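Protein chains: 2
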Amino acid sequence: MLNSGVKDSPQSELLAEEFGLAISLDEGKLGVKSGDTAPKRLRRSKAEQRAESLEQILDAAEYLFSKNGFYGVTLRDVALRVGIHTTLLHYYFDDKHHLFEAVFKRRAGVTCDRRMAALEQYEKEAGDHPTVEGALHAFLDPDFDLYIEGGEPWVNYAAFCARVSHSHEGAAMMAANFDPVVLKLIGILKRALPDYSDEDIFWGYHFITGALMNTLARTGRIDRLSGGICRSDDFPAVRERIAKFMAAGFLALKG
Amino acid sequence: MLNSGVKDSPQSELLAEEFGLAISLDEGKLGVKSGDTAPKRLRRSKAEQRAESLEQILDAAEYLFSKNGFYGVTLRDVALRVGIHTTLLHYYFDDKHHLFEAVFKRRAGVTCDRRMAALEQYEKEAGDHPTVEGALHAFLDPDFDLYIEGGEPWVNYAAFCARVSHSHEGAAMMAANFDPVVLKLIGILKRALPDYSDEDIFWGYHFITGALMNTLARTGRIDRLSGGICRSDDFPAVRERIAKFMAAGFLALKG
DNA sequence: GTCTATAAGATGATAGAC
DNA sequence: GTCTATCATCTTATAGAC
């Protein structure tokens, strides 16, 4: 396994767990039973080691890209943070673009699946009369829960996505991965607002995603502006307000 | 004066006008009467020439920074676009950071002054009973008008600001320049919503600015998502909806 | 898998000629 | 004011040793 940034870090073995989350993309893919009969897993399989190294690199890249964007991070920065040599990054990810894409894709599936599942469940529950606020809760809350409960890696990923969303390189990546969920939401909104034009509904979504991305970016602006009354990383506070706020906005568009 | 990107461009003399806007920061500062009696201004003063060169550089930098951010643009990119050598950029702006800051500051004052004036006028008109929607119109509309009527340079500046707003380098720049106007808006909102907590009001503003920045960024995402029904650069469509939408959101927070 | 060595090119910046 | 020449440094990427 790789060094963990700080040289000779004694607890480097723990990092993967510390940063781990119950939901993991790679779980199961490796085909390795973690329980087995081994005594406290003294030895790891090659596949496990590789997966762990990949995770550490992706964590570092995710953190740095979320702060400075694609061009603001060098492979040297990433390697230094992990405590390895840049050549190893090429070994694992070929080039910088692939690394960037890997960071995006690692968690994209998880958040999409959760939101899609929540939307589908809401559709069933609501039957013929979905509400805007109900749909928005189904769309937004699973994500907020992920960021609130998932710890630092997920919060970094959120900021990473916020950055990507305002960049041109990332627009295609966003579309390819998130469009199905968003269109699912749009579909429910249309049924909740049958007399609305598509234009009104899409602009409403545009406002929501703007507010959401501004939250995920955690720039610290609202902290200073409010003199500490609000904190950029107070996701629960936003979760509590955003669906109700935006639902009312929708209803007012034709009012 | 400088070359205008394309070598031997015959109409390079016209560029400054083409990109010019009625509102200009430098107007008046130069102490040069443009009308005078000169026959179609065959000769320019040194100061005028210098100002024009600066404008051309700033236009190019503004465009590029708005697309790729601070780290995604090299001085060579800027120089190439203007048709000059990088050393000249150092001559005018010292270093890259100063150039970036100059791009930001060139138009920051204009938009702030306009919005502040509109907010103050609204305060007078509304007297003791300001409304949320009224305050938001005063805050947002002058800016939208600027972007709609100001042409490409102002639209690029808008995208530039959107990018800055999600970056850490830019957070301080944003605060130093825009906080007074924003706090003015917050003050009016407080009077419009006397029973609201500061927290609710600041989070509401947070949502608004997110939606606004997402608009200014013009990433093209809403275009593809909506299959062409909405266009990223359709500022009038947003102007028409955003104040009403967000005002309703505010009113719903305590409802 | 991890490292050393190395290359080719880009980048921000300076000194000085014209 | 504008350009040439030059610099040290950084950046991505490859080949090959261990």
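If you read the sequences in order, they're chains A and B. Counted the way the numbering used here counts, the first sequence spans residues 2 to 256. Counted the way the numbering used here counts, the second sequence spans residues 2 to 256. Glycine residues also receive a C-beta, built at the ideal position from the N, C-alpha and C atoms. All values reported here derive from a predicted model rather than from experimental measurement.
Closest by CA to residue 261 of chain B, which one among B:161, B:59, B:107, B:101? Nothing can be reported for residue 261 of chain B: it is not among the residues displayed for chain B, which extend from 2 to 256.
Pairwise C-alpha distance: residue 125 of chain B and residue 99 of chain A: 56 Å
From B:254, B:218, B:74, B:228, pick the residue whose C-alpha is nearest to that of residue 206 of chain B; which is it? B:254
Do residue 204 of chain A and residue 232 of chain B count as a contact pair if the criterion is CB distance below 7 Å? no
Relative to the C-alpha of residue 234 of chain B, which candidate in B:244, B:107, B:71, B:152 has its C-alpha closest? B:152
According to DSSP, simplified to helix, strand and coil, what is residue 71 of chain B? coil
Sort A:197, A:181, A:245, A:214 by Cα distance to residue 334 of chain B and report the nearest one. Because residue 334 of chain B is not part of the residues shown, which for chain B are 2 to 256, the question remains open.
Is any beta-carbon of chain A found at less than 7 Å from that of residue 204 of chain B? yes
Output the distance between the C-alpha atoms of residue 240 of chain A and residue 131 of chain A, rounded to the nearest integer angstrom. 20 Å
Can you pull out the residues from the stretch 134-162 of chain A whose beta carbon lies closer than 7 Å to at least one beta carbon of chain B? none
7 Å Cβ cutoff, residue 98 of chain A in contact with chain B: no
Does residue 220 of chain B have its Cβ less than 7 Å from a Cβ in chain A? yes
Which one of B:68, B:108, B:79, B:187 has the shortest CA to CA distance from residue 273 of chain B? No answer is possible for residue 273 of chain B: it lies beyond the span of chain B, which begins at 2 and ends at 256.
Can you have a look at residue 36 of chain A and say buried or exposed, based on whether 16 or more other CB atoms are within 10 angstroms of its CB? Confidence in residue 36 of chain A is poor, its pLDDT being 37 and thus under 50, which makes the residue's placement unreliable; the coordinate value appears in the next sentence. Under this definition residue 36 of chain A is an exposed residue.
Please report whether the beta-carbon of residue 125 of chain A lies at a distance below 7 Å from any beta-carbon of chain B. no
Quick one: Cα of residue 110 of chain B to Cα of residue 178 of chain B, how far? 8 Å
What residues in the stretch 69-82 of chain B bring their beta carbon closer than 9 Å to a beta carbon of chain A? 69, 70, 71, 72, 73, 74
Would you kindly check if the distance between the Cβ of residue 80 of chain B and the Cβ of residue 90 of chain B is under 7 Å? yes
By the criterion of Cβ-Cβ separation under 9 Å, what are the contact partners of residue 183 of chain A in chain B? 226
Beta carbon of residue 164 of chain B, beta carbon of residue 143 of chain B: below 7 Å? no
The alpha helix (DSSP H) enclosing residue 194 of chain B, as first and last residue numbers: Here residue 194 of chain B belongs to no alpha helix (DSSP H), and DSSP marks it neither H nor E.
List, in order along the chain, the chain A residues whose C-beta lies closer than 8 Å to that of residue 175 of chain B? 222
Got a sec: is the Cβ-Cβ distance from residue 94 of chain B to anything in chain A below 7 Å? no
Along chain A, in chain order, which residues have C-beta atoms closer than 8 Å to that of residue 243 of chain B? 208
Closest residue to residue 190 of chain A among A:134, A:78, A:166 (Cα-Cα distance): A:134
Helix, strand or coil for residue 138 of chain B, going by three-state DSSP, please let me know. helix
Would you decide whether residue 128 of chain B is buried or exposed? Buried here means 16 or more other CB atoms lie within 10 Å of its CB. exposed
Residue 211 of chain A CB to nearest chain B CB: under 7 Å? yes
So, are the CB atoms of residue 67 of chain B and residue 215 of chain B less than 7 Å apart? no
Where the alpha helix (DSSP H) containing residue 130 of chain A begins and where it ends: No alpha helix (DSSP H) contains residue 130 of chain A, which DSSP labels as neither H nor E.
Bounding residues of the alpha helix (DSSP H) (the contiguous stretch that carries residue 227 of chain B): Careful: residue 227 of chain B lies outside any alpha helix (DSSP H) and carries neither H nor E.
So for residue 54 of chain B, helix, strand or coil by DSSP? helix
Could you tell me whether the Cβ of residue 103 of chain B comes closer than 7 Å to any Cβ of chain A? no
First and last residue of the alpha helix (DSSP H) that includes residue 45 of chain A? Unbroken run through residue 45 of chain A: none, as it is neither H nor E.
My guess is that residue 250 of chain B and residue 249 of chain A are in contact by the Cβ rule of under 8 Å, so how many angstroms apart are they, rounded? 5 Å
Got a sec: is the Cβ-Cβ distance from residue 189 of chain A to anything in chain B below 7 Å? no
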